[in-house]
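In the UniProt record's numbering, the protein residues as written are 1 to 77.
What follows is a single structure, written as C-alpha cells, with notes after it.
Set out below in C-alpha cells:
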C-alpha cells in the first residue's frame, strides 16, 4: 500500500480541543504520524497507509469542531 498525507483544516480553540483532535487522529486505522501545522490556518497533517480521510474528518466535525474541512489527500513522497 502507498503512504498517504492527509491535511485537515480545523480551528484550534483551546488545549482541550488539541488533545481531542490528537486522540481522534492517532486512533484512526493506518495512522503512523500526526502533526499540527499553522500556515495562516490551523491544520492537522496525518500520514499513514489506508486511512479513511473522510471518516477522520467526519469524526472531527462531530466531536470537536463542526468546521473541520478536508483540504487534501495525496501520496506521501
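For glycine and all other residues, C-beta sits at the position ideal for the given N, C-alpha and C.
The structure presented is a predicted model; accordingly, all values stated were derived computationally and were not measured.
- Rounded to the nearest whole angstrom, the CA to CA distance from residue 46 to residue 5 is 6 Å.
- With contacts defined as CB atoms closer than 8 Å, residue 60 and residue 53 fail to qualify as a contacting pair.
- The beta-carbon distance between residue 31 and residue 51, rounded to whole angstroms, is 6 Å. This is short enough to meet the 8 Å contact definition.
- With at least 16 other beta carbons inside 10 angstroms of its own, residue 48 counts as buried.
- If you look at residue 56, you'll find it in the alpha helix (DSSP H) that goes 53-63.
- Within the model, the alpha-carbon separation for residue 55 versus residue 42 is close to 19 Å.
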